[in-house]
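Below is one structure; the comments refer to it alone.
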Amino acid sequence: MKLITLIYLLFVGSIGFVQAQSHFWTGNGGDDNWFNSANWDAGTVPDASSTVFIQDGFNVLISDAAAFAQAIELEGAVHFTISNDLTFSGELVVPQISSVFFTSGVISGGGTIQNDGLFKLQSFDMKEISNITINNNDEFLVELCNQIQV
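Numbering-wise (my numbering), the sequence shown opens with residue 27 and increments by one.
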């Protein structure tokens, strides 16, 4: 009886348990599309519980739909373009030789942008940064913008 009770408690206790998954960008999908699952080592697109790593030398584009992650770490020289909504609750780490181009959409989720590289707000499309902390240690540029909400 104790064994059955223990198994039951383990089963009930594990319902709803979500384990964060790491997603490493491989670029094997042949394009720069965040939503192409073939570009990720896990074979799936990151979700709100994912820790994302994008290695040196890649270009990555969020444009097809809203993207989610727990945290995003750019490693080395990465060109990361945000042209739709991005929600994250951890950190978006931009190292010294990486660049982020925010052209439209909303960046939100309660996270922190740790910018040691280039973070550029660019284009005439509406851009909003909501409930995000920005720690800027390098370049934060606003260019060709007429609608920004912070």
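Even glycine gets a Cβ: it sits at the ideal position worked out from N, Cα and C.
Tell me whether the beta-carbon of G135 lies closer than 7 Å to the beta-carbon of F114. As a position in the sequence shown, residue 135 is number 109, starting the count at 1. As a position in the sequence shown, residue 114 is number 88, starting the count at 1. Going by C-beta atoms, G135 is nearer than 7 Å to F114.
If we count the other Cβ atoms within 10 Å of its Cβ and call it buried at 16 or more, is V168 buried or exposed? As a working mapping, residue 168 is identified with position 142 in the sequence shown. It counts as exposed.
What is the residue span of the beta strand (DSSP E) that I160 lies within? Reading the sequence shown from its first residue, position 134 is the one you call residue 160. Start and end: T159 to N162.
Can you say whether L75 is buried or exposed, counting buried as having 16 or more other CB atoms within 10 angstroms of its CB? What you label residue 75 is simply residue 49 of the sequence shown in a count that begins at 1. First, the residue type needs correcting, since residue 75 is Ser and not Leu in the sequence shown. With fewer than 16 Cβ atoms within 10 Å of its Cβ, S75 is classed as exposed.
Comparing C-alpha positions only, which one of D82, G53 and H105 sits nearest to A68? Here residue 68 refers to the residue found at position 42 of the sequence shown. Looking at the Cα atoms, G53 is the closest of the given residues.
Sorted by chain position, which residues of the same chain lie with C-beta nearer than 6 Å to F94's C-beta, five sequence neighbours on each side aside? Here residue 94 is taken as the residue at index 68 of the sequence shown, counted from 1. Around F94: D73, A74 and T113.
N162: buried (16+ other C-beta within 10 angstroms of its C-beta) or exposed? For the purposes of this step, residue 162 is identified with residue 136 of the sequence shown, where counting begins at 1. Counting Cβ neighbours within 10 Å, N162 comes out exposed, since fewer than 16 surround it.
Have a look at F127, E99, L118 and D142 and flag the residue whose alpha-carbon is nearest the alpha-carbon of C171. In the sequence shown, counting from the first residue as 1, residue 171 sits at position 145. Looking at the Cα atoms, F127 is the closest of the given residues.
Going by C-alpha distance, which of D57, V78, I123 and Q47 is nearest E165? Within the sequence shown, numbered from 1, the residue matching residue 165 stands at position 139. Nearest option by C-alpha distance: I123.
Alpha carbons only, please: which of N85, I160, N65 and S89 is nearest the one belonging to E117? Taking the sequence shown and counting its residues from 1, one reaches residue 117 at position 91. Looking at the Cα atoms, I160 is the closest of the given residues.
Buried versus exposed, by CB contacts within 10 Å (16 or more), S125: Translated into positions along the sequence shown, residue 125 becomes position 99. Answer is buried; the Cβ neighbour count reaches 16.
DSSP state of A64 mapped onto helix, strand, coil: The residue given as residue 64 occupies position 38 in the sequence shown. Residue state, collapsed to three classes: helix.
For V104, name the three-state secondary structure that DSSP assigns. Numbered from 1 along the sequence shown, position 78 holds the residue referred to as residue 104. Looking at V104 - three-state DSSP - the assignment turns out to be coil, as it is neither helix nor strand.
CA-CA distance, Q81 and A103? Residue numbering aside, residue 81 sits at position 55 when the sequence shown is read from its first letter. Residue numbering aside, residue 103 sits at position 77 when the sequence shown is read from its first letter. Roughly 8 Å between the two C-alpha positions.
Applying the 10 Å Cβ sphere with the 16-neighbour rule, what's the burial state of T195? This structure gives no information on residue 195, because the portion of the chain shown stretches from 27 to 176.
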